[in-house]
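Let me begin by presenting the structure, written as C-alpha cells, before commenting on it.
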Amino acid sequence: MDNKEDCIVVENLHKNYGGKANAINGVTFRVRYGEIFGFIGPNGAGKTTLIHILTTLIRPSSGVVTIFGKDIIKSRQDIRKRIGIVLQKPSFEPNLTVEKSLDLYGALCHVNKTTRRERINEILKQFDLQDIRHTKNEELSIGQRRRVQIAREFIHNKKLLFLDEPTVGLDPNARRILLDYIKKKVKEGLTVFFTTHIMEEAEYLCDRIAIIKKGTIFALDTVSEIKSRYGGTESIEVTFKDDVLPDMLDQFKLEIGSSQRILVSKPNVIKIYPVDSKDVLNGIIDTIYKNGIQIENIAISSSSLEEIFINITRKDRTDIV
Ligand SMILES: Nc1ncnc2c1ncn2[C@@H]1O[C@H](COP(=O)(O)OP(=O)(O)OP(=O)(O)O)[C@@H](O)[C@H]1O
Ligand SMILES: [Mg+2]
C-alpha cells in the first residue's frame with residue numbers, strides 16, 4: 002500500500018476513548034513527501050487525537066498508519082526518532098534560558114555540539130529570539146514561549162514535522178515569520194502535517210487541506226479546488242452612475258426573481274446575494290440592457306475558505322459533502 006511518494010499513509014483509522022462517539026471515525030488520507038498538509042476543523046473535531054496517533058503518543062483503536070513506509074505500531078521507536086512534534090500543549094524547561102533549553106533539546110536529539118551552535122544561532126535569528134536568548138523560559142510571555150517551543154523543532158533537521166495549532170498565541174509578525182520559515186524548510190525537503198483554525202493560514206501555507214468534523218473528513222483537496230467545489234458566488238455588487246430609484250429596483254427584482262436577496266448598500270450601489278449566480282448575472286445584464294441603465298462597475302465576490310469551513314462544519318449539517 003506504500004509507494005515512494007507517500008510520507009504518511011492513513012487507512013480507515015478509528016479512535017475511541019471509551020465514550021459513545023469515536024474521536025476519529027474512519028479517516029483515510031495520504032501525505033506526500035515535501036507537502037504541507039493541513040487539517041482544519043472545529044474544537045473537538047479530532048485534530049489533536051489524530052496528531053497524537055500519528056506521532057505514536059497514543060494507539061489507534063483500529064486502522065493502519067504507515068510513516069516513511071513503516072507501520073507506526075511495529076516501528077514506533079524508529080519513527081519517533083525521525084519526526085519533530087510541536088504539540089498543542091505548552092512544553093518548556095522553566096529554569097533554563099532560551100539558549101540553554103535549545104541546546105539541551107538539540108543534545109537530546111543527538112545533534113553534535115558544533116552543529117547545535119550553528120543551528121541555535123540561526124534559529125534565534127530566524128525566530129527573532131536573540132533579545133531573549135538569556136531569559137529563563139518561565140519568565141517569557143506565552144507567545145515567546147510558543148516561539149521557543151516551535152523553534153526547537155528546527156534544531157534537529159528531521160524530515161517530517163507535526164505542528165498542532167502552532168500559531169495560537171503568536172502575533173501577526175511572529176506568525177508570518179513562522180509560516181515563511183516552514184515554507185523555506187519545505188523547499189529544502191521537509192514534509193509538514195499542520196493543524197489550524199485559521200483559514201487564511203491554511204490557505205497561505207498548505208498544498209492540500211482536509212476539513213474534519215466529529216472525526217470524519219468532510220473535504221480533502223487543494224484549497225483552490227475546495228473553494229471551487231464548495232464555494233460559490235457570495236455576492237454581486239452593481240455600482241450605477243446615478244442613484245438607484247425605486248422603479249429601477251423593481252425592474253431588477255422582476256428580472257432576477259424574488260427569491261434573491263437585494264440590498265441597496267449605497268445610494269448608487271445594489272448588492273445581491275444570489276441563490277443561483279449565473280441566472281442572477283444574466284438577469285442583471287438583461288435589466289441593464291433593456292432599460293438603458295448606465296453602470297460604473299459590477300463586482301463579484303466569491304466565498305472565502307472561512308465561509309466554506311463554517312458551511313461545511315456547521316452544527317446542523319450531517320451530510321457528507
Ligand atoms: N484523553 C481523552 N480522553 C477522552 N476523550 C478525549 C481525550 N482527548 C480528546 N477526547 C475527545 O475526543 C474528541 C476530539 O478531541 P481532540 O482534542 O482531538 O479535538 P481537536 O480537534 O484537537 O480540538 P481543538 O481544536 O479544541 O484542539 C473530543 O470530543 C474530545 O472530548
Ligand atoms: Mg486540538
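Numbered according to the numbering used here, the sequence shown spans residues 2 to 322. Just so it is clear, CB atoms sit at the ideal spot from N, CA and C, and this is done for glycine as well.
Spatially closest choice to residue i from the options, by CA coordinates
{"i": "I294", "options": "S266, I313, L250", "result": "L250"}
{"i": "Y231", "options": "I311, Y34, F195", "result": "I311"}
{"i": "G144", "options": "E166, N158, I156", "result": "E166"}
{"i": "T56", "options": "G85, P43, E119", "result": "G85"}
{"i": "G35", "options": "N122, L171, K186, S303", "result": "K186"}
{"i": "R147", "options": "A203, L179, D277", "result": "L179"}
{"i": "F69", "options": "S62, I80, S63", "result": "I80"}
{"i": "I25", "options": "F195, K16, S62, A203", "result": "K16"}
{"i": "D244", "options": "G258, P268, I257", "result": "P268"}
{"i": "I309", "options": "R77, E154, L171, I227", "result": "I227"}
{"i": "G27", "options": "K242, C8, V239, I218", "result": "I218"}
{"i": "G107", "options": "E204, I121, L97", "result": "I121"}
{"i": "F30", "options": "E204, G258, C8", "result": "C8"}
{"i": "G216", "options": "V10, Q89, T49, R33", "result": "T49"}
Local Cβ density within 10 Å of residue i, reported as buried at 16 or more and exposed below that
{"i": "S229", "result": "exposed"}
{"i": "I60", "result": "Here the sequence assigns Arg to residue 60, which means Ile is not the residue at that position. By the 10 Å Cβ count, R60 comes out exposed."}
{"i": "L162", "result": "buried"}
{"i": "V322", "result": "Its pLDDT being 40, under 50, V322 is placed unreliably in this model, and the value from its coordinates should be taken loosely. Looking at its Cβ environment, which holds fewer than 16 other Cβ atoms inside 10 Å, V322 is exposed."}
{"i": "L130", "result": "buried"}
{"i": "N23", "result": "buried"}
{"i": "A220", "result": "buried"}
{"i": "S302", "result": "exposed"}
{"i": "T116", "result": "exposed"}
{"i": "Q150", "result": "buried"}
{"i": "E123", "result": "exposed"}
{"i": "P275", "result": "buried"}
{"i": "E53", "result": "In the sequence under discussion, the amino acid at residue 53 is His, which differs from the Glu named in the question. Flag for H53 reads buried."}
{"i": "I74", "result": "exposed"}
For residue i, the residue or residues it bridges with in DSSP
{"i": "V87", "result": "L164"}
{"i": "S236", "result": "S302"}
{"i": "T197", "result": "I41"}
{"i": "L264", "result": "K272"}
{"i": "V65", "result": "E12"}
{"i": "I296", "result": "F241"}
{"i": "D222", "result": "I210"}
{"i": "T98", "result": "K137"}
Residue j beta carbon less than 8 angstroms from that of residue i
{"i": "V65", "j": "E12", "result": "yes"}
{"i": "E189", "j": "H135", "result": "no"}
{"i": "P95", "j": "N158", "result": "no"}
{"i": "V193", "j": "I237", "result": "no"}
{"i": "L51", "j": "F40", "result": "yes"}
{"i": "G42", "j": "T314", "result": "yes"}
{"i": "T197", "j": "R209", "result": "no"}
{"i": "I271", "j": "R262", "result": "no"}
{"i": "G47", "j": "I213", "result": "yes"}
{"i": "F241", "j": "I296", "result": "yes"}
{"i": "L103", "j": "R176", "result": "no"}
{"i": "K160", "j": "R83", "result": "yes"}
{"i": "I257", "j": "G284", "result": "yes"}
Proximity test, Cβ basis, 8 angstroms: residue i and chain C
{"i": "I294", "result": "Considering every chain present, this structure includes no chain C. It has just one protein chain."}
- Message: If we require 3 or more residues per run, which beta strand (DSSP E) segments fall completely within the segment 3-37?
- Response: 7-16, 25-33
- Query: Quick one: complete alpha helix (DSSP H) runs, 4+ long, within the segment 116-177?
  - Reply: 143-152
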